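Residue numbers (UniProt numbering), protein chains in the order written: chain A, 1 to 277; chain B, 1 to 229.
Before any comments, here is the structure.
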Amino acid sequence: MNRYLKLVNFELGRFMKIYIALIGITIVSQLAAVIISSKSYLNNANQAIHVDRMTIEAFVEQYGKMSFNNVTNSILFFGPIALCVVTLLIYTLFIWYRDWFGKNTFIYRLLMLPTARLNVYFAKATAIFLFVLGLIALQLVLLPVERLLLQKMVPVDLRLDMTINEMIRYFDQIGVMIPNSFIEFVLHYGIGFVAVFVIFTIIMLERCFRLKGIFLGIGYGVLAFIVFFLPVFIQEFILFNYFYPAEIFVLMILTGLIVGTGSIWVSNYLLTKKIRV
Amino acid sequence: MIEVKDVTKKFGRKQVLKGVTFTAEKGEITCLIGINGVGKTTILNAIMALTPINSGQILIDGSAINKKSYEKITFIPDAITMLPQMTIGQSMQFMQDFYESWNQERATELLGFFKLKPEEKISSLSKGNTAKVNLLLGLALDVDYLLMDEPFSGIDIFSREQIANVFTSHLVEDRGVIITTHEINDIEHLIDQVVLLDDGVVVKAFNSEEVRENEGKSVVDVMREVYQQ
């Protein structure tokens, strides 16, 4: 356990510079999105009210009030979210492959550590999970700050205030990241965690069997997908709405557990018996 | 004792090892010799469970390798096993964090022996100094067995001398060493056991001292006989 925690700490440290850069980009870009969207709205309002002599009421009726939706539609707002998602997806592959390639073969050291090799696997997975959760926590902290900034910039007559809950619900991308209910949380993050284990297993297959492993990996990925979504497929194509949504949810937790533990078991076997440096 | 028993290994269709058998005793230096591609590195990787074998058995003091074995056997490959952005000091700290067998006193002694600075980055080291750091990280572990893959490969004569001196020092004393090398001249006088490999099999295994005393031949003489036949 102690070595596992040390490995997690080590893995976190290896990505920290990029991670801090991502955090910086997200903060700056999203605050810029609030400022630019607000200024743009206020410029329009000033033009309409002071130059075109429209009343505030008429302007609001014609253009609507400024809400947080104006901000979330900006590329400066969702761009860094997309950047973080893409970076972490790439990192899910890179976290393994960087240890194999290059002059300094760190994988030798990792595989020769006096600890279960599965600890290396779990440490890498934990690092990914922590990075994801950290970025979501950042977004949760940023939303009230961004709302406050918007409130400071746009007069109350011209803006439509939203609660944090509404901000999350009206913006799909955030809605996926920050679920509204426990069931959504289990579904979204369960799928995410299982997906990471499946990707790791595919990487292990490729690292063990190289070219043959790519095909085995693709096969494993397809199999994992089918098993995980089996309740949905049965519901849609065989039993036609036989299950209640709650039953589908429970069945998907079961299939998720099967795919997740199966992936960990296969990876453990490969790391112990089949891995090649 | 490290026992390699009838080990076979295939890479794709190529049979690299065709039933390799030899033993390496604690307190002795065993040298694996053979041309490039004969499977010397593969044997070391297989001993460390860094590559799977197709058949045969490898035992370390009578047991198959497991996670605890890495506290008593270590492998020094020909490339450094630390991250380029780490300093020598950070690499030592990493080893200390993970290995109970890490001997900080010996590590400090080795730093002085090799004239290395802890603040130097791995990425900025010359090939010779990289080999020395690799050696330091392996030798500073209180292990029973050391596996070294081509420790003299591509490094300057002074670094070679320094590394060769390690074998005559207390740093290697009482440990079992398996070494693969082409630069036999540097360590010929230090080798106890020689395993000559060719085409995936052990063509000859002998005690260098016995051959010297009984037949008046050096290791290189035997190599000539075997490989030039």
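For each residue, glycine too, the CB sits at the ideal point set by N, CA and C.
All of these numbers come straight from a predicted model, not from anything done at the bench.
Below 8 Å between beta carbons: does that hold for residue i and residue j?
i                      : j                      : result
residue 43 of chain B  : residue 194 of chain B : no
residue 240 of chain A : residue 259 of chain A : no
residue 38 of chain B  : residue 198 of chain B : yes
residue 294 of chain A : residue 198 of chain A : As shown, chain A starts at 1 and ends at 277. That puts residue 294 of chain A outside it, with no answer to give.
residue 91 of chain B  : residue 122 of chain B : yes
residue 147 of chain B : residue 76 of chain B  : yes
residue 262 of chain B : residue 78 of chain B  : Because chain B here runs from 1 to 229, residue 262 of chain B falls outside it and cannot be looked at.
residue 119 of chain A : residue 3 of chain A   : yes
residue 68 of chain A  : residue 150 of chain A : yes
residue 81 of chain B  : residue 120 of chain B : no
residue 192 of chain A : residue 256 of chain A : no
residue 277 of chain A : residue 45 of chain B  : yes
residue 38 of chain A  : residue 76 of chain A  : no
residue 187 of chain B : residue 30 of chain B  : no
residue 169 of chain B : residue 128 of chain B : no
residue 16 of chain A  : residue 41 of chain A  : no
residue 176 of chain B : residue 28 of chain B  : yes
residue 87 of chain A  : residue 22 of chain A  : yes
residue 74 of chain A  : residue 20 of chain A  : no
residue 118 of chain B : residue 154 of chain B : no
residue 209 of chain A : residue 216 of chain A : yes
Taking just the CA atoms, how far does residue j sit from residue i?
i                      : j                      : result
residue 26 of chain A  : residue 80 of chain A  : 5 Å
residue 107 of chain B : residue 140 of chain B : 5 Å
residue 65 of chain B  : residue 224 of chain B : 35 Å
residue 219 of chain B : residue 94 of chain A  : 46 Å
residue 22 of chain B  : residue 137 of chain A : 57 Å
residue 56 of chain A  : residue 71 of chain A  : 21 Å
residue 57 of chain B  : residue 244 of chain A : 55 Å
residue 237 of chain A : residue 231 of chain A : 10 Å
residue 207 of chain B : residue 192 of chain B : 6 Å
residue 71 of chain B  : residue 201 of chain B : 30 Å
residue 132 of chain B : residue 114 of chain B : 7 Å
residue 138 of chain B : residue 74 of chain B  : 6 Å
residue 51 of chain B  : residue 265 of chain A : 19 Å
residue 93 of chain B  : residue 102 of chain B : 10 Å
residue 154 of chain A : residue 186 of chain A : 37 Å
residue 140 of chain A : residue 89 of chain A  : 21 Å
residue 204 of chain B : residue 10 of chain B  : 22 Å
residue 112 of chain B : residue 142 of chain B : 18 Å
residue 35 of chain B  : residue 228 of chain B : 12 Å
residue 48 of chain A  : residue 63 of chain A  : 10 Å
residue 130 of chain A : residue 85 of chain A  : 13 Å
residue 5 of chain A   : residue 97 of chain B  : 11 Å
residue 145 of chain B : residue 26 of chain B  : 7 Å
residue 91 of chain A  : residue 204 of chain A : 15 Å
residue 165 of chain A : residue 174 of chain A : 10 Å
residue 100 of chain A : residue 107 of chain A : 6 Å
Taking 7 Å as the cut-off, is the C-beta of residue i nearer than that to any heavy atom in the ligand NAP?
i                      : result
residue 243 of chain A : Here there are no bound small molecules, and the ligand NAP is not part of this structure.
What is the residue span of the beta strand (DSSP E) that residue i lies within?
i                      : result
residue 205 of chain B : 201-207
residue 176 of chain B : 176-180
residue 29 of chain B  : 29-33
residue 124 of chain B : Where residue 124 of chain B is concerned, there is no enclosing beta strand (DSSP E), given that its DSSP letter is neither H nor E.
residue 194 of chain B : 193-198
residue 2 of chain B   : 2-11
residue 19 of chain B  : 14-24
residue 56 of chain B  : 55-60
residue 149 of chain B : 145-149
Looking at the unbroken alpha helix (DSSP H) that takes in residue i, where does it start and where does it end?
i                      : result
residue 132 of chain A : 117-153
residue 108 of chain B : 104-114
residue 42 of chain B  : 40-47
residue 132 of chain B : 127-139
residue 226 of chain B : 219-227
residue 161 of chain B : 157-168
residue 186 of chain B : 184-187
Say whether chain D places a C-beta atom closer than 8 Å to the C-beta of residue i.
i                     : result
residue 98 of chain B : Absence of chain D from the displayed structure is noted, the protein chains being A and B.
### Task
Would you list, in chain order, the members of the stretch 99-125 of chain A that have their beta-carbon closer than 7 Å to a beta-carbon of chain B?
103, 104, 105, 106, 108, 109, 111, 112, 113, 114, 115 and 116
### Task
Taking a Cβ distance cut-off of 8 Å, strictly less, list which residues of the stretch 143-155 of chain B are near chain A, in chain order.
none
### Message
Which residues of the stretch 28-58 of chain B have a Cβ closer than 8 Å to any Cβ of chain A? Give them in chain order.
### Response
45, 48, 49, 50, 51 and 52
### Query
Can you give, in chain order, each stretch of the alpha helix (DSSP H) that sits fully within the stretch 163-203 of chain A and has at least 4 residues?
164-170 and 172-177
### Query
Closer than 7 Å, Cβ to any Cβ of chain B: which residues of the stretch 206-231 of chain A, in chain order?
none
### Task
Jot down the residue ranges of each uninterrupted alpha helix (DSSP H) in the stretch 32-105 of chain A, minimum 4 residues, whole runs only, in chain order.
If one requires a minimum length of 4 residues, the alpha helix (DSSP H) runs lying completely within the stretch 32-105 of chain A are 56-63, 68-72 and 75-100, in chain order.
### Query
Using a Cβ cut-off of 8 Å, which residues of the stretch 74-89 of chain B contact any Cβ in chain A, in chain order?
74, 75, 77, 79, 80, 81, 82, 83 and 84
### Segments assigned alpha helix (DSSP H), at least 4 residues, entirely inside the stretch 227-260 of chain A
230-233
### Query
Which runs of the beta strand (DSSP E) fall wholly inside the stretch 62-108 of chain B and span at least 3 residues, in chain order?
73-76
### Query
Just by C-beta distance, which residues in the stretch 7-22 of chain A are closer than 8 Å to chain B?
10 and 14
### Query
Between the stretch 254-273 of chain A and chain B, which residues of the former have CB atoms less than 9 Å from a CB of the latter, in chain order?
272 and 273
### Short-range partners of chain A found in the stretch 58-73 of chain B, where Cβ spacing is below 7 Å
Among the residues of the stretch 58-73 of chain B, those with a Cβ less than 7 Å away from any Cβ of chain A are 67, 68, 70 and 71, in the order of the chain.
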